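Reviewing the structure listed below.
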Amino acid sequence: MSQSSSGDQRRSSGSGGSGLNEFNAIWTAVEAIGPWRVIFEISVIYLLIYSFIVFCEGTRGAGVLKGLALSVIIAVVGTRLAVTYLNLERIGFLLTVITPAAFTAIIVILQPELRRGLVRLSQAPIFGELVRDEQELVVVLVRACQMLSKARIGALFAIERDQTLNPWVDRGTILDAEVSSEIINTIFYPGTALHDGAVVIQKGRIAAAGCLLPLSENEQLGSWAGTRHRAAVGLTEESDAVTIVVSEESGAVSICVRGEVFRDLDKDELAQRLRAYYTKTDSPEEQSPSEPAVDRKGGES
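In structure tokens:
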């Protein structure tokens, strides 16, 4: 009886000692890695993942990448500890087999986002021409608006500033074309496939055309505001973009920013406001955002 009890105690003691030995082995492995080495490895992984998320920013895959980021960091650090320092060879072999397949699957799933990211990357100064001078872009846009106004051709432009317009670019037809009067007239010519949507300008180039913009629900907009004007105002309510509208009925040119509309602008007024807004100096008259939208004659719109 006493021998059986003594054996049970030894088994219990051995089981507890085994668990304690495993814990000590893990703790020793953690100490062997060293805190600075772990911090360095996690920092490198974080920078790589963050760069990839920025690369795909504004696409539908960006949200997925943010979820994958934490998983990758945990997986890499955990497997490094398990395989290298605890000699878990089977787990190491399994990860060696699964990792290439997982990366291939991610590339296939995020293929549209990667393609859009490469298009934006090709527009960077290190790969192509420098961004077109802002003043030159203003001149081209003003000239194009005057031509469209005289011909009574409706048009809508959205110019990106600090906040990305990629969500709306994705809804249109990707062009990545130079901003020129000829291309703009071709896009908005009545009957063409893209003339009803908006042209989105990013980094001095036409990123996309035929883009659908959110419509403003502002009840203060009068009966003069059609679909184009409401779309122009709607985008500026949701972003810091600047929009330009050419009325198909009257030929009047308007510019919108921060939910405000400045209507019936002549060539010089359009150029002045566009330079101020596009260069982020805000209104040339330093008008408060809380003031009502006005036209150039001083009346409320």
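Numbering (the working numbering), first residue to last: 143 to 443.
C-beta atoms are modelled at their ideal positions from N, C-alpha and C, and glycine is treated no differently.
The model shown is predicted, which means the values in this text are computed figures rather than measured ones.
Look up residue i in the DSSP assignment and say whether it is helix, strand or coil.
| i | result |
| --- | --- |
| Leu307 | coil |
| Arg232 | helix |
| Ala319 | strand |
| Ala418 | helix |
| Leu189 | helix |
| Thr334 | coil |
| Ala435 | Annotation note: pLDDT 43 at Ala435 (below 50); position unreliable, coordinate value reported separately. Coil, per DSSP. |
If residue i and residue j are in contact, beta carbons under 8 Å, what's the gap, nearest whole angstrom?
| i | j | result |
| --- | --- | --- |
| Val395 | Leu407 | 5 Å |
| Ala351 | Ala373 | Ala351 to Ala373, Cβ: 14 Å. No contact. |
| Ile316 | Tyr420 | 22 Å between Cβ atoms; not a contact. |
| Leu283 | Ser381 | At roughly 18 Å, the Cβ-Cβ gap does not stay under 8 Å, so Leu283 and Ser381 are not in contact. |
| Ile397 | Val388 | Not confirmed; about 11 Å, so no contact. |
| Val399 | Ala349 | That pair is no contact at about 19 Å. |
| Arg285 | Val321 | Between Val321 and Arg285 the Cβ distance is about 11 Å, and since that is not below 8 Å, they are no contact. |
Along the alpha helix (DSSP H) that carries residue i, what are the first and last residues, could you check?
| i | result |
| --- | --- |
| Gly376 | Thr369 to Glu380 |
For residue i, is the classification buried or exposed, using 16 other Cβ atoms within 10 angstroms of its Cβ as the cut-off for buried?
| i | result |
| --- | --- |
| Gly333 | exposed |
| Ser157 | With a pLDDT of only 46 at Ser157, under the threshold of 50, the placement of this residue in the model should not be trusted; the figure read from the coordinates follows. Flag for Ser157 reads exposed. |
| Arg153 | Any reading at Arg153 needs caution, since the residue's pLDDT is 49, under 50, leaving its predicted position unreliable; the model's value is listed next. Counting Cβ neighbours within 10 Å, Arg153 comes out exposed, since fewer than 16 surround it. |
| Glu402 | buried |
| Gln277 | exposed |
| Arg415 | buried |
| Gln305 | exposed |
| Ile326 | buried |
| Ala335 | exposed |
| Gln344 | buried |
| Thr246 | exposed |
Could you give the first and the last residue of the continuous beta strand (DSSP E) run that contains residue i?
| i | result |
| --- | --- |
| Ser291 | Run containing Ser291: none in the beta strand (DSSP E); it sits in the alpha helix (DSSP H), Glu276 to Lys292. |
| Gln362 | Taken as a continuous stretch (DSSP letters only), Gln362 belongs to no beta strand (DSSP E), as it is neither H nor E. |
| Arg347 | Arg347 to Cys353 |
| Leu298 | Ala297 to Ile301 |
| Glu391 | Careful: Glu391 lies outside any beta strand (DSSP E) and carries neither H nor E. |
| Ala340 | Ala340 to Gln344 |
Is the Cβ-Cβ distance between residue i and residue j less than 8 Å?
| i | j | result |
| --- | --- | --- |
| Cys353 | Gly314 | yes |
| Phe299 | Ile386 | yes |
| Gly364 | Ser291 | no |
| Ser358 | Val342 | no |
| Arg405 | Val280 | no |
| Glu411 | Arg294 | no |
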